[in-house]
Structures are given as C-alpha cells and as structure tokens.
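Trainee: Residue numbers (this note's numbering): 277 to 688. Glycine included, each C-beta is placed from N, C-alpha and C at the ideal position.
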C-alpha cells in the first residue's frame, strides 16, 4: 500500500483548507505538515483540524535555506505552496533543488515565473519531479476547463473566462458592505488585481491592457446581472507552448473578474485618488507608510466576511472553435456555482481553490498523474480520462461543473 506525506506552505485561508481536504478525503495520508511564519495561526489551524497526522512548523517560506531544511526533515512526497505571490518562486526553487514535486496556487502573478518557465521545466525533468503552477480556481480550474474544451476541437478561436469570488446576494441586500464586496482571499491580492496592467491574447499575441478596464455587463444564469472587467488571470495560457499545442493555436483569450454592479466604479474612485498606490511613502507623525497600507488597515475589518455570511464562487468558461470532421463551429460553456460550507465554515473561494490543489496533488502522489516536468493545468484538462477523474473528485466535495454545447454554424 502506497502512503503519502504532504508539506503545505502557508496556514492562511487556502493552506488550511488544503490541509482539511487532505485530512478528510486523502487516501493513505500519513503526515500533513503545515508551515507558516505565524505561530498563533499555526495553533489555530492545528486546533481546528484536530488530527494526529497533522504537524506544524514555523518556517519563513521566503527563505530557501529554511525550506530546504524542512523538506529534508520531513521528506514529503509533494509540497503544496499557498504562500503570497511575492515569494512564490522560492518554494519552486527549493523543490527543484531538493527533488520534490510541487503544486502552487499563486505564482502566475510573479513575472519571474514566465521568464524561467523553460528552465523550470528542464530542471524538473532532470530531477524527475512534477511542478504544477497556478493550480487553484482562477487560474487553475478555469485553465483545465479551457484545455478540456479545446481537446474537443481542431482549432480554437476564442477562450473567454469569467470568474468571481463575491458575497452571496443576501449579504449584499441585507448588509450592504462597503464597495459591494467582502474579502474572500488576500486583500493585497485584490488590490494587485485592480492595478497596473494585465495580459490578454489577441491575434495569437500577448497584449497588455489596463487592469480593471474592459468593463461589461454580464448576465450569469441563476444569479443575475453582474459586471466584468479585465484582470491578469490567464496564468499558464500565457506560455507559448500551451497556446499553440494544448489550446490549438487559440486566436484570442481573456479573463475577467465578476463583481456585483457598481463595484468597479468605486474602485476606480480609490485609484483616481491615489489610495491604491503602494509605491509612494507618506510621512504621518514621523512614520512613513503607503496610501495602500493605510486604506487596507481601514477597510480590511469592514470588508471581512462574517461567520454567518456566505460567499460564492462563480465560473463561466466559454471555448469556441472549429471541429473539421463535422464541418461546424461550436462553443462549449462550462459553469460552476459554489457557496460557502456553513457546517465547516470553509469559504467557497477556499473550496474551489484549495480543494482543486488538494485533488491534483493527491493524483500526483497516487501515481494517477505520472508526467514529469512543468505540468500546466491545461494539459490535465486536455487528458479527458484524467480530467473526468478530477470531475468525480469535485463531485465528492459537492462541487459540480456543467457543460453546454452550442453549434454556432455549419461550415460549407
């Protein structure tokens, strides 16, 4: 009987939910080591999980030497990295050095990842390990769905991704939170989404647009009218090999974030006032802080999702292209609606992100995923037999994805 040991970096929302899923539904798991720099947070997670197979370690995941030591001490089969994106390259570097497979949630936001992707692939092949980057919900699950849809076509014309982690409708109507929003992940991550530039694909080339631009009204079946705008969530779709091979030379692609109507206008006001600036230092009574640090300190407690409130995760992935053998242009649409589990308290954003990572990590440890090297989520989705296993694992967690097929026209 094969047994598995997991090392989870980060004891925040995603890391703790990952450990919960491994403990609850993992097969033959003998050890789950959760690492974080925050001792108090580790105690909270340990008390919540209440399991003999869970261990905790105080580790600075931004320091490779510390990661190397903890990997050497526990000898995990795989590392799951749920660390802030700014230090997300460090766990990858440590695993390449130590010869341990890794699944990551947030490296898609790190510019160095795209510069070093080929090098990461070569090193991981040499070490005979698997590196799965940016494998949460968006990017992650949405990329698998794009790969799954593309696998049914000969040519892919367009991929449109809409995803949002937002408070449930009753929270908006009854509580009326500031900005029409509640935090369901890192507030710093939210600000990063809304500022700078983001990448889309047009005419098979990567192009840059302003983050939070391209606003459109989007009707989500079963939910109603929302707004959508560009964010930088294409992840591994930006790698040329993924676009040209797995995604069949996709001509255009974008990812947009979904919010309740009116949200982005309020965010744009904050941006225009310079309140999301994280570069300029302001002197306040001898203490230098950025405008973003100030507004985060003020808004974080006001935006925090309360224990009696539900969040929901909405996903719609549209993949359109050509099937030559039947001479038709088709569009596949994949839809997910998920809510917070009020029994466990686990947020929907954590369920869809962390459970995705846990499922894929388990498939690697159980040798159901055997490919070595840099493994983009699109490639998992393009393997129909494998992705059907992923879908069955989602169903065990009461996460369901629905597929629609629409024939756009017959090609004469």
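Is the stretch 345-357 in contact with the stretch 278-290, if contact means three or more CB pairs nearer than 8 Å?
Mentor: yes
Trainee: So who's on the other strand from residue 496, going by DSSP bridges?
Mentor: 500
Trainee: Cα separation between residue 631 and residue 462?
Mentor: As the crow flies, the alpha-carbon of residue 631 is around 17 Å from that of residue 462.
Trainee: Between residue 589 and residue 441, which are expected to be in contact by the criterion C-beta below 8 Å, what is the C-beta distance as a whole number of angstroms?
Mentor: 5 Å
Trainee: Starting from residue 440, trace the beta strand (DSSP E) both ways and give me its first and last residue.
Mentor: 431-443
Trainee: From what residue to what residue does the beta strand (DSSP E) around residue 599 run?
Mentor: 587-599
Trainee: Which residue comes first and which comes last in the beta strand (DSSP E) that contains residue 643?
Mentor: Neither: residue 643 is in no beta strand (DSSP E) and is coded neither H nor E.
Trainee: Over the uninterrupted alpha helix (DSSP H) stretch that includes residue 671, give me the two end residues.
Mentor: 660-672
Trainee: Would you mind working out which of 673, 325, 326, 280 sits nearest residue 304, comparing C-alpha positions?
Mentor: 280
Trainee: From this set, 678, 532, 322, which residue's C-alpha is nearest residue 502's C-alpha?
Mentor: 532
Trainee: Assuming the contact rule is C-beta atoms closer than 8 Å, residue 438 and residue 494 should be a hit. Round their C-beta distance to whole Å, please.
Mentor: 6 Å
Trainee: Within this structure, are the beta carbons of residue 529 and residue 396 separated by less than 7 Å?
Mentor: no
Trainee: Drop a sphere of 10 angstroms on the beta-carbon of residue 557, count the other beta-carbons inside from all chains shown, and report buried for 16 or more, exposed for fewer.
Mentor: exposed
Trainee: Since residue 636 and residue 379 are thought to touch, with beta carbons under 8 Å apart, how far apart are those beta carbons, to the nearest angstrom?
Mentor: Correct: roughly 6 Å between the Cβ atoms.
Trainee: Hey, how far is the Cα of residue 298 from the Cα of residue 634?
Mentor: 6 Å
Trainee: What do you reckon, are the CB atoms on residue 605 and residue 661 nearer than 7 Å?
Mentor: no
Trainee: Tell me, to the nearest whole angstrom, how far the beta carbon of residue 386 is from that of residue 365; I am working on the premise that it is less than 8 Å.
Mentor: With 8 Å as the limit, residue 386 and residue 365 qualify as a contact, their Cβ atoms being about 5 Å apart.
Trainee: Mapping the DSSP letters down to three states, classify residue 373 as helix, strand or coil.
Mentor: helix
Trainee: Taking just the CA atoms, how far does residue 560 sit from residue 611?
Mentor: 48 Å
Trainee: Are the CB atoms of residue 473 and residue 640 nearer to each other than 7 Å?
Mentor: For the 7 Å CB-CB criterion, residue 473 and residue 640 do not form a contact.
Trainee: Enumerate, from N- to C-terminal direction, the unbroken alpha helix (DSSP H) stretches of 4 or more residues contained entirely within the stretch 344-374.
Mentor: 365-374
Trainee: Assign residue 362 to one of two classes, buried (16 or more other C-beta atoms within 10 Å of its C-beta) or exposed (fewer than that).
Mentor: exposed
Trainee: Within 10 angstroms of the Cβ of residue 549, are there 16 or more other Cβ atoms? Answer buried if so, exposed if not.
Mentor: exposed
Trainee: Excluding five sequence neighbours on each side, which residues of the same chain lie with their C-beta closer than 6 Å to the C-beta of residue 624?
Mentor: 587, 588, 589, 614, 615, 616
Trainee: At a threshold of 6 Å, does residue 470 count as lining the ligand COA (C-beta to nearest heavy atom)?
Mentor: With respect to the ligand COA, the structure shown offers nothing to examine, as it has no ligands at all.
Trainee: Thinking C-alpha only, which one of 526, 449, 448 is nearest residue 480?
Mentor: Comparing Cα positions, the closest option is 526.
Trainee: Is it true that the CB of residue 658 sits closer than 7 Å to the CB of residue 522?
Mentor: yes
Trainee: Below 8 Å, how does it come out for the stretch 413-421 and the stretch 501-517: are there three or more Cβ pairs, yes or no?
Mentor: These segments touch.
Trainee: Are the Cβ atoms of residue 578 and residue 454 separated by less than 7 Å?
Mentor: yes
Trainee: Does DSSP put residue 470 in a helix, in a strand, or in coil?
Mentor: helix
Trainee: In angstroms with no decimal places, state the Cα-to-Cα distance between residue 679 and residue 342.
Mentor: 44 Å
Trainee: Which same chain residues, not among the five before or five after residue 596, have their C-beta less than 6 Å away from its C-beta?
Mentor: 433, 434, 607
Trainee: May I ask which residues mark the beginning and end of the alpha helix (DSSP H) holding residue 330?
Mentor: No alpha helix (DSSP H) contains residue 330, which is instead part of the beta strand (DSSP E) from 330-334.
Trainee: Could you compute how far the alpha carbon of residue 466 sits from the alpha carbon of residue 602?
Mentor: 43 Å
Trainee: Within this structure, are the beta carbons of residue 653 and residue 420 separated by less than 7 Å?
Mentor: Their beta carbons are under 7 Å apart, which means residue 653 touches residue 420 by this criterion.
Trainee: Which residue comes first and which comes last in the alpha helix (DSSP H) that contains residue 321?
Mentor: 315-325
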